[in-house]
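Asks: Sharing a structure here in structure tokens format.
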Amino acid sequence: MATLNEIASSSPDKLNVSQALITLAKTIQASNESIDAFFLCTMGLLVYFMQAGFAFLEAGSVRSKGVTNILIKNVLDAFFGGIAYYAMGWALAYGEPSNWFCGTANFFLFNMPDGRLAQWFFEYVFAATAATIVSGAMAERCNFLAYIVYSTFITGVVYPIISHWVWSPDGWLAKGFSIDNGTITSGFHDFAGSGVVHATGGIASFVGAALLGPRLYRFDSETGKPQSMPGHSVPHVALGAFILYFTFLAFNGGSQMSISNPGDGLALAIVMVNTILACSCGGTAGLIISWLTSPHWSFLETVNGSLAGTVAICSGCNVVYPWGACIIGAIGAGAYSLLSRLVLRLGVDDPASSIAVHYGGGVVGVLSVAFFDRSRGILLRWDRQSGLDLAVQILGLLVITAWSGGLSAA
């Protein structure tokens, strides 16, 4: 193939054509970058609206006297989280240069290219989501200033380092591990954050709620049995749940990170379909479980089951078949039901069921990838590759739990 210099020396007409092609290629590249930036900003706006969903869900789950407190916590999660992620969260997660543990530059976005601002916004709303999960578990009894420090630390330090491990090309979990002289390699797979976001927030919720202790009269002083403390507004819970169903589609879909490349549209459609199926099957499973374990149908069990199912599909929504998404969603609801009862037996008070929904669903999501991946899952192709995938997923889950839980308790 002739070089540009050869074309230039042979004919002015050919040179003009070459320059036109170069200009066209640059224009297409710039257009693709703009389309991808618009996609990330739009998805980020919808994910940001999850804050409203969590606010309504948690406000409806607490007693009326705790509503103002829970709402101001959710508002300040977004505000202080934005400052923390601007100051150091982004740098620790995606700052360049970086090493296997964390990023080492771009604090306060210093020297960060403008072309990465759309990604910053999208990643920030993910970080804010991880922090907001915690507020529901600590409702009605946490010192306001202490909570702000706790939440800011999660957004600025705890979550960013985990996201670097998993989602940065330099992260040690992203690079993965090899066996058989490097012929089989596996990295931790968490497409939209079952582990990075939800397990992180869920285990931090457990630690925070356990350290705070239960609300007054939540457990009988003599028998230790839990006493009923229903939330004050079922309609608020319902509104919050519907907002979360809607925004979870952007949460998972936006994790595609681009829409201009060949195949991006199809990949986005797969993610959307799997997300809504997992949500639907999780809600149905939650309804059935409530009917089997209690004398009446439970609205809250249904809602939380659907949310746990949606959390569970986050990890593998881009690599599982729709039938796999249905199973994962139902298992997520079952994990929520079991964990919510275990949390009560441990004497931990979680008004919004944040621990069971997000950690229970997160665990199912992280592990399900190794079983349901359409190209290499254990249920479809049992071999050394799928076995290594499962081992890496388990390792990643344990490390996320230890990091988030350990720093939250510190």
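Residue numbers for the sequence shown follow my numbering, so the first one is 1236 and each next one is one higher. All C-beta atoms, glycine included, are put in the ideal place defined by N, C-alpha and C. In this text, all values refer to a predicted model and were calculated from it rather than measured experimentally.
1. My output table needs one value for Asp1455: the three-state DSSP class, helix, strand or coil.
2. Return helix, strand or coil for Ala1237, following the three-state DSSP convention.
3. Going by CA-CA distance only, name the one from Phe1284, Val1634 and Asn1553 that's closest to Ser1610.
4. In the region 1301-1338, which residue ranges form an unbroken alpha helix (DSSP H) of at least 4 residues, counting only runs that do not cross its ends?
5. What are the boundary residues of the beta strand (DSSP E) that includes Phe1412?
6. Touch check for the region 1583-1595 and the region 1387-1402: three-plus C-beta pairs under 8 Å?
7. Cα-Cα, which of Ile1548, Leu1446, Tyr1359 and Arg1376 is closest to Asn1487?
8. Which same chain residues end up closer than 7 Å to Tyr1283 when comparing Cβ atoms and leaving out the 5 residues on each side of it in sequence?
9. Taking Gln1264 as the reference, give the member of Ile1494, Lys1249, Trp1335 and Gly1437 with the closest Cα.
10. Go to Phe1418, then tell me how far its beta strand (DSSP E) extends in each direction, as first and last residue.
11. What would DSSP say about Val1554, mapped onto helix, strand or coil?
12. Helix or strand or just coil, what does DSSP make of Pro1395?
13. Spell out a yes or no on whether the region 1423-1436 and the region 1623-1642 are touching, meaning 3 or more CB-CB pairs, one atom from each, closer than 8 Å.
14. From Leu1632, Phe1379 and Glu1536, pick the residue whose C-alpha is nearest to that of Val1431; which is it?
15. With contact counted as at least three CB pairs below 8 Å, one residue from each stretch, are the region 1578-1592 and the region 1431-1444 in contact?
16. DSSP three-state call for Pro1470: helix, strand or coil?
17. Would the region 1455-1471 and the region 1403-1423 be scored as touching if the rule is three or more Cβ pairs under 8 Å?
18. Am I right that Leu1512 and Pro1557 are in contact with their C-beta atoms under 8 Å? What's the rounded C-beta distance?
19. Assign Asp1618 to one of three DSSP states: helix, strand, or coil.
20. Quick check: the Cα distance between Ala1476 and Gly1564, rounded to an integer number of angstroms?
21. Skipping 5 residues on each side, what residues in its chain have a beta carbon closer than 7 Å to that of Cys1516?
22. Judging by CA-CA distance, which residue of Arg1450, Leu1602, Asn1346 and Ala1444 is the nearest neighbour of Lys1300?
Replies: The short version:
1. For this step, residue 1455 is matched to residue 220 along the sequence shown. Coil at Asp1455, not helix or strand.
2. The count along the sequence shown starts at 1 and reaches residue 1237 at position 2. Confidence in Ala1237 is poor, its pLDDT being 48 and thus under 50, which makes the residue's placement unreliable; the coordinate value appears in the next sentence. Reduced to three states, the DSSP call for Ala1237 is coil.
3. For the purposes of this step, residue 1610 is taken as the residue at position 375 of the sequence shown. That would be Asn1553, whose Cα lies nearest to the Cα of Ser1610.
4. 1302-1319 and 1325-1329
5. Taking the first residue of the sequence shown as position 1, residue 1412 is located at position 177. It spans Phe1412 to Ile1414 - the beta strand (DSSP E) in which Phe1412 sits, taken as one unbroken run.
6. no
7. Locating residue 1487 in the sequence shown gives position 252, where the first residue counts as 1. Among Ile1548, Leu1446, Tyr1359 and Arg1376, the Cα nearest to that of Asn1487 is on Ile1548.
8. Position 48 of the sequence shown, counted from the start, is the residue given in the question as residue 1283. Around Tyr1283: Val1360.
9. Taking the first residue of the sequence shown as 1, we reach residue 1264 at position 29. Taking only the C-alpha atoms, the option nearest Gln1264 is Ile1494.
10. The residue given as residue 1418 occupies position 183 in the sequence shown. The identity of residue 1418 in the sequence shown is Thr, whereas the question assumes Phe. Where Thr1418 is concerned, there is no enclosing beta strand (DSSP E), given that its DSSP letter is neither H nor E.
11. Here residue 1554 refers to the residue found at position 319 when the sequence shown is read from its first residue. The answer is coil: DSSP assigns Val1554 none of H, G, I, E or B.
12. Within the sequence shown, residue 1395 is the residue found at index 160, counting from 1. Here Pro1395 sits in helix by DSSP.
13. yes
14. Residue mapping note: residue 1431 aligns to position 196 of the sequence shown, counting from 1. Ranking Leu1632, Phe1379 and Glu1536 by Cα distance to Val1431 puts Leu1632 first.
15. yes
16. Taking the sequence shown and counting its residues from 1, one reaches residue 1470 at position 235. Three-state result, Pro1470: helix.
17. no
18. Here residue 1512 refers to the residue found at position 277 of the sequence shown. Here residue 1557 refers to the residue found at position 322 of the sequence shown. Yes, Leu1512 and Pro1557 are in contact; Cβ-Cβ is about 6 Å, under 8 Å.
19. As a first step, residue 1618 is located in the sequence shown; it is residue number 383 there, counting from the start. In the structure shown, Asp1618 sits in coil (DSSP, three-state: anything other than H, G, I, E or B).
20. In the sequence shown, counting from the first residue as 1, residue 1476 sits at position 241. In the sequence shown, counting from the first residue as 1, residue 1564 sits at position 329. About 16 Å.
21. Counting from 1 along the sequence shown, the entry for residue 1516 is found at position 281. So the list reads Gly1544, Cys1561, Gly1564 and Ala1565, once near-sequence residues are dropped.
22. Counting from 1 along the sequence shown, the entry for residue 1300 is found at position 65. For Lys1300, the nearest C-alpha among the options comes from Arg1450.
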